[in-house]
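**Student:** Mind the numbering: the sequence shown is residues -31 to -1, 1 to 92 in mature numbering (1 follows the signal peptide of the UniProt record, and there is no 0), read in order. Just passing along the structure, written as structure tokens.
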Amino acid sequence: MSDSRFSRRDWLKTTALATTPLLLGPLPSFAEAPAPGNTPPLSAADIAAIEAAMGKKGAYVEAQATHSTPLPRNDLKVTIKGEPVPISFGFGGWVAIKHTLDGKSAMLMSDTVLLQEEVNPLM
């Protein structure tokens, strides 16, 4: 036996979908947003300070104004079904640093590969 009435759940869902645009107002137009400026380049002194703090050399990509340092985990021996997996298959990390648009601060991005016992000390 089929009941053609709206269930309470359907009524709530329809009401929520119908009233959400009214509550949020018009959506912003992303086409009107101004284009971001260029990030200021890192100076030679900035690069030297980064490499001294990291304790290893990195690479500066001038087009992106970004200094990146690879962090390979050559100490890991990873196997899948007894076969060794090269570290380059996702078991290495990296750190990249660049200025913010105003040039007054820096932004750090990274990807690190950690063993379970290394997580809490890093946090």
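From the three backbone atoms N, C-alpha and C, an ideal C-beta is built for every residue, glycine too.
By the 10 Å Cβ neighbour count, where 16 or more other Cβ atoms means buried, how is Ile49 classified, buried or exposed?
**Tutor:** By the neighbour-count rule (16 or more Cβ atoms within 10 Å), Ile49 is not buried but exposed.
**Student:** In chain order, which continuous runs of the alpha helix (DSSP H) of length 4 or greater are located wholly inside the segment 3 to 76?
**Tutor:** Segments of the alpha helix (DSSP H) lying fully in the segment 3 to 76: 13 to 23.
**Student:** Please confirm if the segment 56 to 69 is in contact with the segment 6 to 15, defined as three or more CB-CB distances below 8 Å between the two stretches.
**Tutor:** Because the criterion of three Cβ pairs below 8 Å is met, the segment 56 to 69 and the segment 6 to 15 touch.
**Student:** Can you list, in chain order, the residues of its chain with a C-beta nearer than 8 Å to that of Ser74? Leave out the 5 residues immediately preceding and following it.
**Tutor:** Result list for Ser74: His68, in chain order.
**Student:** For Glu31, which residues from the same chain have a beta carbon less than 8 Å from its beta carbon, with the 5 sequence-adjacent residues on both sides left out?
**Tutor:** Around Glu31: Pro10.
**Student:** For Ala34 and Gly61, what's the separation of their Cα atoms in angstroms?
**Tutor:** Each residue's Cα considered, the two are about 23 Å apart.
**Student:** Would you kindly check if the distance between the Cβ of Leu91 and the Cβ of Leu83 is under 8 Å?
**Tutor:** Cβ distance < 8 Å, so Leu83 and Leu91 count as in contact.
**Student:** Using the Cα positions of Trp63 and Met78, report the straight-line distance between them to the nearest angstrom.
**Tutor:** The alpha-carbon atoms of Trp63 and Met78 are separated by roughly 8 Å.
**Student:** Can you give me the C-alpha to C-alpha distance between Arg(-23) and Thr(-12), rounded to a whole angstrom?
**Tutor:** When rounded, the distance between both Cα atoms is 16 Å.
**Student:** Taking 8 Å as the threshold (C-beta atoms), are Ile56 and Leu45 in contact?
**Tutor:** In this structure, Ile56 lies closer than 8 Å to Leu45 by Cβ.
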